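Enquirer: The structure's right below; bear with me while I get my questions together.
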Amino acid sequence: MTPGRAEGFERAADGLTDVVDAIDDVDLNAMQTEDVRTVLDARETLEDLTGQYRHDQRAYQRNQREEE
4 MTPGRAEGFE
14 RAADGLTDVV
24 DAIDDVDLNA
34 MQTEDVRTVL
44 DARETLEDLT
54 GQYRHDQRAY
64 QRNQREEE
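Structural data, given as structure tokens:
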């Protein structure tokens with residue numbers, strides 16, 4: 004992996020977190036039921052991706068410390 008990779012993972016996770024937070028601000032009561040399901044499914048996918056990027060960030064940082 005290249006230097007700065009952990010920061011890239013962190014930026015990706017932070018950006019995805021911002022998107023999830025924005026979804027939380029959506030008034031789901033104003034939406035049609037099938038659209039609510041689509042939004043909630045997308046939110047779940049984004050949360051999963053965020054977790055993966057946070058995991059990759061921590062793993063990369065841990066590996067970097069072990070190499071020092």
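One point on numbering: in our numbering, the residue at position 37 of the sequence shown is 40, and numbering is uninterrupted. Note that CB positions come from ideal geometry on N, CA and C, so glycine has one too. Computed from a predicted model, the values in this text were never measured in an experiment.
1. For Gln67, count neighbouring C-beta atoms within 10 Å of its own C-beta (all shown protein chains included) and say buried if the count is 16 or more, exposed if not.
2. When the Cα atoms are used, what is the spatial distance from His58 to Ala45?
3. Are Leu31 and Val39 closer than 8 angstroms when you measure CB to CB?
4. When we look at the beta-carbon of Gln60 and count the other beta-carbons within 10 Å, is it buried (16 or more) or exposed?
Expert: Taking the coordinates as given:
1. exposed
2. 20 angstroms
3. yes
4. buried
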